[in-house]
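First up is the structure itself, then whatever we jot down about it.
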Amino acid sequence: MQTDLEKLDHQIEIRERLEHQDALLAIGAIIDTKHGRALFRYLFKNLEVGTLPERFLEGNILHEKLGFLRAGNSIYQLACQAASDTTAQITASIEREKYEDLIQRYNIEHQLNANSRNRDTD
6 MQTDLEKLDH
16 QIEIRERLEH
26 QDALLAIGAI
36 IDTKHGRALF
46 RYLFKNLEVG
56 TLPERFLEGN
66 ILHEKLGFLR
76 AGNSIYQLAC
86 QAASDTTAQI
96 TASIEREKYE
106 DLIQRYNIEH
116 QLNANSRNRD
126 TD
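Residue numbering for the sequence shown follows this note's numbering, beginning at 6 and increasing consecutively.
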């Protein structure tokens, strides 16, 4: 036979599961809209989802950075549970944008270096 504390713990556990499920349903409904995708894209980018802390961070700075990254990753995990396909599309578009920016930066630097070499040989 369950004690009163066990019954209470069970009721709390059920309530927390329902709240979690309701939150996932709400996130899924939001993220599948144009404005929701824009919101989660912004959150993922600005909370640096999918990035690691810079090398050689130590002590409090490292702990602060990890805490910051943990918040973004928690939001990301909820979004994945709620709407994995949409979340994957958002993160893929962010990564594509990063690589396009890197390629563009490389091309500009390469062109600047080539122009500099041409001036030096003239």
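Cβ atoms here follow ideal geometry from the backbone N, Cα and C, with glycine treated the same way.
Note to self: So the candidates are Q16, N123, N112 and L48; which of them puts its Cα closest to the Cα of I95?
What the structure shows: The candidate whose alpha carbon is nearest that of I95 is L48.
Note to self: Give me, in chain order, the residues of the same chain whose beta-carbon lies closer than 7 Å to that of F45; leave out the 5 immediate sequence neighbours on both sides.
What the structure shows: I36, A84 and I95
Check: If you pair each beta-carbon of the stretch 85-94 with each one of the stretch 23-42, do three or more pairs fall below 8 Å?
Finding: yes
Margin query: Do G77 and E53 have their beta-carbon atoms positioned less than 8 Å apart in this structure?
Written below: Cβ atoms of E53 and G77: closer than 8 Å.
Next item on the list: Just mark Y111 as buried or exposed, buried being the case when its beta carbon has 16 or more other beta carbons within 10 Å.
Entry: exposed
Margin query: How far does the alpha helix (DSSP H) with A84 in it extend, from its first residue to its last?
Written below: Run containing A84: G64 to A87, per the alpha helix (DSSP H) assignment.
Notebook entry, point to check: Looking at the structure shown, is D106 part of a helix, part of a strand, or coil, going by DSSP?
Noted result: helix
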